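Structure, as structure tokens:
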Ligand SMILES: Nc1ncnc2c1ncn2[C@@H]1O[C@H](COP(=O)(O)OP(=O)(O)OP(=O)(O)O)[C@@H](O)[C@H]1O
Ligand SMILES: [Mg+2]
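Here it is as structure tokens:
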């Protein structure tokens, strides 16, 4: 479904990604782990056209994604959440979720109340409520994000990404700051979602990635140092030393 092959991404002389490849098949959950600054978010940024690789290819169902404008990705079936929350503070939860629907221009027209828009707005509203229900937070639809617990906000951003009805969902650190019970619920949610989409997951919560992923790619200093099923990654000594290096660096 998604094939990233040998991409390099540079920022002013810094090599953020160096020959990175990643494959995501239909309905797979693919984990991407690695220490801080390894290039995980940059990899997602390349897939979603926020940055352009200097070499390599990225294809989605056989077509190149390089140079495809970010706004088009939702139409192609690709949705992502950003590291950090990124909810609009002056919009309610429901409005934030509706804002995740593709065709922003049409949506803007609806919000301005152009003729014939009521029905479409109602449909979007219903879909947004259904997504909030699936995420277990429909009772907070009318609240403003700022007053909600972190765990609820994290669910709202996933509900928002689902408005694109993605075939491929890219999640950047969905478990960060979640309690153990929230993480367990997130694992259950991902297992449910995979029935209708593939998921690529960047996470520091390694146990969670091990629990849900079919395959895991490990980045360190912009390079793939290991790739394979969770058991193989768990037993890989290069992976252990990359994380140990981080622990020592932070000590
Ligand atoms: N827009 C940018 N401009 C310059 N350098 C950048 C930019 N984005 C990322 N980098 C650099 O690229 C490298 C990889 O960063 P990236 O954010 O992809 O890491 P990460 O694996 O997501 O880290 P974290 O776990 O902390 O989120 C880092 O050295 C970072 O400083
Ligand atoms: Mg990151």
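Residue numbers (the numbering used here): 19 to 269. All residues carry an ideal CB built from backbone N, CA and C; glycine is no exception. Since we're looking at a predicted model, the values are computed, not measured.
- Residue environment for residue 93: exposed (fewer than 16 other C-beta atoms within 10 angstroms of its C-beta).
- Nearest to residue 73 by alpha-carbon distance, out of 165, 161 and 26, is 26.
- Its Cα nearest to that of residue 250, the residue 228 stands out among 260, 228, 261 and 259.
- Counting C-beta pairs closer than 8 Å gives fewer than three between the stretch 204 to 219 and the stretch 32 to 39, which falls short of the contact rule.
- In the displayed model, residue 93 falls within a helix according to three-state DSSP.
- In the structure shown, residue 162 falls within a coil segment according to DSSP collapsed to helix, strand and coil.
- For residue 260, the secondary structure class from DSSP, reduced to helix, strand or coil, is helix.
- The straight-line gap separating the alpha-carbon atoms of residue 85 and residue 70 is approximately 7 Å.
- Residue 190 sits close to residue 220, with the two beta carbons spaced by under 8 Å.
- When beta bridges are read from the DSSP output, residue 21 appears opposite 41 and 77.
- Within the chosen limit of 7 Å, ligand 2 reaches the beta carbon of residue 59 through at least one heavy atom.
- Within the DSSP bridge table, the entry for residue 233 names 48 as partners.
- Under DSSP, residue 189 shares a beta bridge with 219.
- Between the stretch 147 to 162 and the stretch 102 to 113, the count of C-beta pairs closer than 8 Å reaches three or more; the two stretches touch.
- In this structure, residue 187 sits away from residue 153, with a CB-CB distance that is not shorter than 8 Å.
- Taking 8 Å as the cut-off, the beta carbon of residue 174 is found closer than this to the beta carbon of residue 111.
- Residue 222 holds the alpha-carbon nearest to the alpha-carbon of residue 51 among 246, 240, 222 and 169.
- Just so you know, the alpha carbons of residue 99 and residue 176 end up roughly 7 Å apart.
- One alpha carbon belongs to residue 139, the other to residue 231, and they sit about 36 Å apart.
- The C-beta distance from residue 68 to residue 41 rounds to 21 Å, too long to fall under 8 Å, and the pair is not in contact.
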